[in-house]
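With the numbering used here applied, the sequence shown closes on residue 1406, and no number is skipped along the way.
Cβ coordinates follow ideal geometry from the N, Cα and C atoms, glycine included.
What follows is a short report on a single structure.
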Amino acid sequence: MPLEVAAHAGFCMGVKRAVEAAEKVAQSGKPACTLGELIHNPQVVEELASQGVPPVRSPEEAAGRMVLIRSHGVPPETLEALRTLGCEVADLTCPFVEKLHRIVAEGSSDGTPVILVGERDHPEVRGTAGWAHSQVYTVTSPEEAEALPVMDHAIAAAQTTFPPDRWEAVIAMLEKKVRRLEKHCTICSATETRQREAKELAERADAMIVVGGRNSANTQKLYAACKARCPRTILVERAADIPS
Ligand code: F3S
């Protein structure tokens, strides 16, 4: 049976940049760690740990080492805490996430409330909320947007991996709640491209293999989209898991 690999399979720009930088740090032999798992891919995380760059859960655990910030980004207090603990910081926040931080920080500097459209507990959303200088609301659906108070002016921005159709639905509701709504669609096209390609492949394939971390929301979304179109879809974390 011929095997077709999706044209955009593999890491997106932000993740590729972080992994390459981490590999360079590992080769340098500097005492280093990543704040949280660098990416949702157990093979890469194990490989880096075996080369002396393990993940740590808190700034305190990282004390004295070089700390790599993953592409999701962190709030400014975390960067400050790391520097206070004497850590050298390699900030590998994805440039698209940095842009989101800038929009939130600058837009809220005069007290304008921020509405983040995304998953409340996602590290990128939690990190972004930390850059705001005003009240932050997080909503993930039109129903949650409807429950917000009526506002005169607010800024809305999206988690970079938020589905575009849900963003549109949430914005349609926000326009009824906020008189002057500044919309910043900060969704990154990498996720959408991979979703579109995977769906197109799943519609004509006899079987699909989705390779990715089980704890990655993006992998789970790809798996669900493929399974709905191709019942013989499996999810594996590494090549060795592919049944023969
Ligand atoms: Fe990747 Fe950055 Fe987009 S981490 S999904 S390129 S926002």
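{"Item": "Pull up the distance between the alpha-carbon of residue 1218 and that of residue 1242, whole angstroms please.", "Value": "17 Å"}
{"Item": "Hey, quick one: how far does the alpha helix (DSSP H) through residue 1253 stretch, first residue to last?", "Value": "Looking at the DSSP string, residue 1253 is not in any alpha helix (DSSP H); the run it does join, the beta strand (DSSP E), is 1250-1253."}
{"Item": "Tell me whether residue 1233 counts as near the ligand F3S, meaning its Cβ is closer than 8 Å to at least one heavy atom of that ligand.", "Value": "yes"}
{"Item": "Can the beta-carbon of residue 1317 be found closer than 9 Å to that of residue 1381?", "Value": "no"}
{"Item": "Compare the C-alpha of residue 1325 against each of 1221, 1387, 1194 and name the closest.", "Value": "1387"}
{"Item": "Within the continuous alpha helix (DSSP H) that includes residue 1386, where are the two ends?", "Value": "1379-1391"}
{"Item": "Are residue 1331 and residue 1304 closer than 9 Å when you measure CB to CB?", "Value": "yes"}
{"Item": "Three-state secondary structure (DSSP) at residue 1332?", "Value": "helix"}
{"Item": "When DSSP labels each residue in this structure, what does residue 1239 get in the three-state scheme?", "Value": "helix"}
{"Item": "Output the residue ranges of the alpha helix (DSSP H) runs that lie fully inside the segment 1277-1330 and measure 4 residues or longer, sorted by chain position.", "Value": "1285-1291, 1304-1308"}
{"Item": "How far does the beta strand (DSSP E) with residue 1194 in it reach, from first residue to last?", "Value": "1194-1197"}
{"Item": "With hydrogens ignored, establish whether the beta-carbon of residue 1181 is closer than 8 Å to any heavy atom of the ligand FAD.", "Value": "For the structure depicted, the ligand FAD is absent and the ligand set comprises only the ligand F3S."}
{"Item": "Under the rule that 16 or more other beta-carbon atoms within 10 Å means buried, what is residue 1270, buried or exposed?", "Value": "buried"}
{"Item": "Grab the span of the beta strand (DSSP E) containing residue 1346 for me, first residue to last.", "Value": "1340-1346"}
{"Item": "Identify whether residue 1137 lies in helix, strand or coil by the three-state DSSP scheme.", "Value": "It is not possible to answer for residue 1137, since the shown part of the chain is limited to 1163 through 1406."}
{"Item": "Identify the residues that DSSP records as bridge partners of residue 1228: which are they?", "Value": "1194, 1250"}
{"Item": "My output table needs one value for residue 1201: the three-state DSSP class, helix, strand or coil.", "Value": "coil"}
{"Item": "How about residue 1352: is its Cβ closer than 8 Å to a heavy atom in the ligand F3S?", "Value": "yes"}
{"Item": "Measure the alpha-carbon distance for residue 1173 versus residue 1394 and round it to whole angstroms.", "Value": "24 Å"}
{"Item": "Can you give the Cα-Cα distance for residue 1205 and residue 1399, rounded to whole angstroms?", "Value": "8 Å"}
{"Item": "Taking only three categories from DSSP, how would you classify residue 1217?", "Value": "strand"}
{"Item": "Taking DSSP as the reference, what is the three-state secondary structure of residue 1265?", "Value": "helix"}
{"Item": "Kindly indicate which residue of 1391, 1256, 1279, 1289 has the alpha-carbon position closest to the one of residue 1371.", "Value": "1391"}
{"Item": "Output yes or no for whether 9 Å exceeds the beta carbon distance between residue 1276 and residue 1333.", "Value": "no"}
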